[in-house]
DNA sequence: ATCCCCATACATACTGGTTGGTATGGTATT
DNA sequence: AATACCATACCAACCAGTATGTATGGGGAT
């Protein structure tokens with residue numbers, strides 16, 4: 252019976268290294284060092300570097316996205332608009348300084364890999380679609396409840412909110428500054444307020 | 252007398268390759284092939300791959316940013332809010348399909364390199380600051396003219412606009428879709444309209 | 001005008017190191 | 001005994017960078 256401990260440590264090490272260096276620049280030897288195993292272990296569990304990268308997306312980044320950004324929108328008890336605002340606030344505040352400097356891992360991979368590898372692109376796109384749908388549904392719910400303006404298109408608005416969020420992360424990453432993230436996040440929250448109706 | 256034709260072709264080839272693959276994954280040999288020269292030429296004009304990357308930012312990306320995104324804000328004759336909207340519209344429409352798929356070259360480099368190389372980070376940050384200031388000044392001008400709301404902070408708002416713009420580019424890049432860019436851009440323009448006052 | 005001098009502007013060939021990937025072998029578990 | 005699990009050793013390909021060679025053209029001396 253296997254607990255796949257080695258596999259999990261490989262995934263974690265790969266995630267860390269990819270988050271720091273990007274996928275292409277992430278060295279397998281560096282990952283192996285960090286995980287404390289050797290090439291034999293790696294190629295026992297994964298057929299190639301690319302499949303390791305796919306697994307990081309499927310088994311590491313996706314769960315994080317679900318639990319801290321999507322599920323609070325689905326399962327939350329607050330009114331829709333407040334639920335959106337609190338999810339964004341909490342998600343941002345939960346970020347450590349290092350995570351701000353390194354940026355959103357999903358966005359990083361999407362930006363780096365989507366033009367050059369279809370497998371990565373499909374995965375990142377699927378995650379964005381799920382995220383988008385959770386925001387869009389929350390907006391729709393607010394519209395039926397009557398406390399979100401009726402004249403906005405939920406999908407377009409959700410797309411814009413998502414873009415603004417990722418943009419804030421990008422700005423903060425480049426400025427290497429939590430303050431930039433806070434200022435930019437304030438803009439997002441102000442925009443959300445403008446959706447009340 | 253030298254027209255630095257070789258140097259310019261190296262810069263252009265490096266820009267293209269970096270735009271497609273990213274800086275780290277851009278192969279010098281691929282750049283040399285594309286430019287039609289050899290290593291001797293490259294290392295005659297640039298001391299290292301990194302300095303070539305810096306030069307691409309300084310001499311290729313910066314001019315593009317200035318002429319199509321910043322100077323229209325400074326020299327434009329439209330009223331401030333319309334000037335912002337038209338600059339954004341025109342800048343977006345000028346993008347070819349390939350450029351949408353490959354994303355904003357400034358954002359690409361910023362995302363990839365800012366956590367791991369201070370030289371890149373300083374350059375991309377300086378460009379973002381210049382961009383930010385041009386937007387911020389346009390907002391201020393609108394406030395003094397009275398057709399932009401007085402209760403918004405120009406710098407914070409400019410930061411949010413910039414984040415939203417870069418976010419739209421990111422979303423469109425990952426979706427590989429001009430339609431996504433258009434929908435998302437609509438959100439930006441709507442937001443800008445909400446600043447009128 | 002012509003010779004030399006030498007810097008500029010590249011091309012060619014090569015280096016040590018790293019890359020992702022493989023082949024093989026051993027060991028523990030079932 | 002067979003399979004899962006993983007370490008070691010090795011590979012060709014590629015990497016950025018360097019050492020060296022060479023063609024060219026302009027400037028000064030004659």
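Chains as they are written, first to last, in the working numbering: chain A, 252 to 448; chain B, 252 to 448.
The beta carbon of each residue, even a glycine, is placed where N, CA and C say it ideally should be.
Please read all numbers here as calculations on a predicted model, not as lab measurements.
Beta-carbon proximity of residue i to residue j, cut-off 9 angstroms
i: residue 281(A); j: residue 257(A); result: no
i: residue 419(A); j: residue 397(A); result: no
i: residue 270(B); j: residue 378(B); result: no
i: residue 347(B); j: residue 305(B); result: no
i: residue 337(A); j: residue 323(A); result: yes
i: residue 273(B); j: residue 330(B); result: no
i: residue 416(A); j: residue 339(A); result: yes
i: residue 266(A); j: residue 320(A); result: no
i: residue 375(B); j: residue 440(B); result: no
i: residue 335(B); j: residue 390(B); result: yes
i: residue 449(B); j: residue 362(A); result: Given that chain B is displayed from residue 252 to residue 448, the structure contains no residue 449(B) and the question cannot be resolved.
i: residue 295(B); j: residue 407(A); result: no
i: residue 303(A); j: residue 381(A); result: no
i: residue 385(B); j: residue 421(A); result: no
i: residue 411(A); j: residue 442(B); result: yes
Classification of residue i by the beta-carbon crowding that lies within 10 angstroms, buried from 16 upward
i: residue 358(A); result: buried
i: residue 403(A); result: buried
i: residue 325(A); result: exposed
i: residue 409(A); result: buried
i: residue 438(B); result: buried
i: residue 278(A); result: exposed
i: residue 444(B); result: exposed
i: residue 264(A); result: buried
i: residue 345(A); result: exposed
i: residue 299(B); result: exposed
i: residue 356(B); result: buried
i: residue 255(A); result: exposed
Residue i - partner residues in DSSP beta bridges
i: residue 399(A); result: 447(A)
Contact belief for residue i with residue j at Cβ below 8 angstroms, rounded distance in angstroms
i: residue 351(B); j: residue 301(B); result: 28 angstroms between Cβ atoms; not a contact.
i: residue 383(A); j: residue 413(A); result: 6 angstroms
i: residue 427(B); j: residue 275(A); result: No, residue 427(B) and residue 275(A) are not in contact; Cβ-Cβ is about 19 angstroms, not under 8 angstroms.
i: residue 448(B); j: residue 373(B); result: 37 angstroms between Cβ atoms; not a contact.
i: residue 260(A); j: residue 287(A); result: 7 angstroms
i: residue 405(B); j: residue 387(B); result: 5 angstroms
In chain order, each alpha helix (DSSP H) run of at least 4 residues that lies wholly inside the region 275-342 of chain B: 279-286, 290-296, 300-307, 313-316, 322-326
Complete alpha helix (DSSP H) runs within the region 384-435 of chain B (minimum length 4 residues, chain order): 405-426
Length at least 3, wholly inside the region 352-386 of chain B: the beta strand (DSSP E) runs in chain order: none
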